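Structure, as structure tokens:
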Amino acid sequence: MSLEETLLILFERTLESSKDDHLQTILASQAKIIQQKKENVTPIQSQTSAIQKKLQVIEKNFINQDAFKKRRKSKYDHRSNTGSQHDNEDVPTIMLDEDNQETIADQSSLQKLKSENSKLQKQITELEYEQREKYLKNCSEMEQITKEQKLLLENDKKLNEKQRKSNQRSQLLQQKQQNLHKQELNYYNQQLNIDECSQEQQRYDNQLNNRRDEMEKLQIKLNSFVSQLLGLQRNKNKVQSQLNVQIDAVEQLAQFILKERSNLQQDQQYLRQFKEKVLEEKKQVLLMQEQLS
0 MSLEETLLIL FERTLESSKD DHLQTILASQ AKIIQQKKEN VTPIQSQTSA
50 IQKKLQVIEK NFINQDAFKK RRKSKYDHRS NTGSQHDNED VPTIMLDEDN
100 QETIADQSSL QKLKSENSKL QKQITELEYE QREKYLKNCS EMEQITKEQK
150 LLLENDKKLN EKQRKSNQRS QLLQQKQQNL HKQELNYYNQ QLNIDECSQE
200 QQRYDNQLNN RRDEMEKLQI KLNSFVSQLL GLQRNKNKVQ SQLNVQIDAV
250 EQLAQFILKE RSNLQQDQQY LRQFKEKVLE EKKQVLLMQE QLS
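According to numbering that gives the first Met the number 0, the sequence shown is numbered sequentially starting from 0.
Structural data, given as structure tokens:
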């Protein structure tokens, strides 16, 4: 049972046992206020303060009522001294008995109220202690939550830093992958170029071989013409006209052979330069293969 429920029951019992109209009005109003506060719960500190004030008002009303009854008793005593002998024997005695009964009832109610008040004070102390413990517990929990929030912020900051570094590494890796892709593409293009150069070199080699064969044939033919020329010169007087024709043919053939030799030397020089170029590209391809591996 809560503190307000206990106090409400106490007021209801006191209200039922009290016969004083003024006290009933006060107790009824206090009970109504407590009922309203029961429906609208206030903080524990304001509750205890309100309860203490209510108890003080009720106790003061009982004290005032007791003083009023004592004054009324004194008034009855004064009347008994100035009245008739019959009044001195009957009326004051009855009124004193009634006053004594009311006084005893009020004192009993007051004693009961004080006992309940003591219990309520104890409950108030317990509630204040409980509230204090809850407050300290909440402070401890708030401090722990603050520490956890601070730790969470630090972890979040570290996580963001790791994420930033991870993004940088990812970007660097993507860039390396792009560079590697470009190198692979360049390697593929150079390999194609080397294949084309090798085919062209083979074609030039075939052409040179064909020209060498033709030069050998022309050399053989030239040697034959020279032999014929020597034979004709021995028979100079016989075939002078034929000799002139043969000399012209030999000169033309010699000029052609010289020209072909010059062209052949140029082709050989070009082929040698071309081979050097192919070798240089092969070296670059091998170096690129080593980098890729």
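Even for Gly, the Cβ is constructed at its ideal location relative to N, Cα and C.
Here the structure is a predicted model, which is why all the values come from computation and not from measurement.
Cβ separation of residue i and residue j, assumed to be a contact under 8 Å, to the nearest whole Å
i	j	result
Val284	Tyr186	6 Å
Gln189	Glu275	Wrong, their Cβ atoms sit about 16 Å apart, outside the cutoff.
Leu228	Leu252	The pair is not a contact, with the Cβ atoms about 11 Å apart (cut-off 8 Å).
Selected residue, minimal CA-CA separation from residue i, among the options
i	options	result
Val277	Lys181, Cys196, Leu229 and Leu228	Cys196
Ile256	Lys113, Thr124, Gln218 and Leu172	Gln218
Gln200	Leu270, Glu289, Leu126 and Glu115	Leu270
Gln290	Ser108, Asn178, Arg163 and Lys113	Asn178
Backbone CA spacing between residue i and residue j [nearest angstrom]
i	j	result
Arg181	Leu263	Just to set this straight, residue 181 is Lys in the shown sequence, not Arg. Each residue's Cα considered, the two are about 41 Å apart.
Lys156	Lys146	15 Å
Gln174	Arg168	10 Å
Leu286	Gln170	26 Å
Lys282	Asn154	53 Å
Asp212	Leu191	32 Å
Leu152	Asn159	10 Å
Lys216	Arg210	10 Å
Ser114	Ser139	37 Å
Leu119	Met141	32 Å
Leu109	Lys149	58 Å
Asp194	Lys164	44 Å
Ser319	Glu132	Here the chain covers residues 0 to 292 and nothing more, so residue 319 does not appear.
Gln84	Ser117	Its pLDDT being 44, under 50, Gln84 is placed unreliably in this model, and the coordinates cannot settle the point.
Gln268	Asn166	56 Å
Gln293	Glu127	Missing from the structure shown is residue 293; the chain here goes from 0 to 292 and no further.
Glu125	Lys161	53 Å
Ala104	Gln122	26 Å
Gln130	Gln100	43 Å
Asn205	Gln176	43 Å
Gln254	Gly230	22 Å
Sub-8 Å separation of residue i and residue j beta-carbons
i	j	result
Asp266	Leu207	yes
Met214	Glu259	yes
Phe273	Ala248	no
Interface flag, residue i vs chain B, CB-CB below 8 Å
i	result
Glu195	Here chain B cannot be found, since the structure has a single protein chain.
Simplified DSSP assignment, three categories, for residue i
i	result
Ser83	Low per-residue confidence applies at Ser83: pLDDT is 45, beneath 50, and the placement is therefore not dependable enough to give any value.
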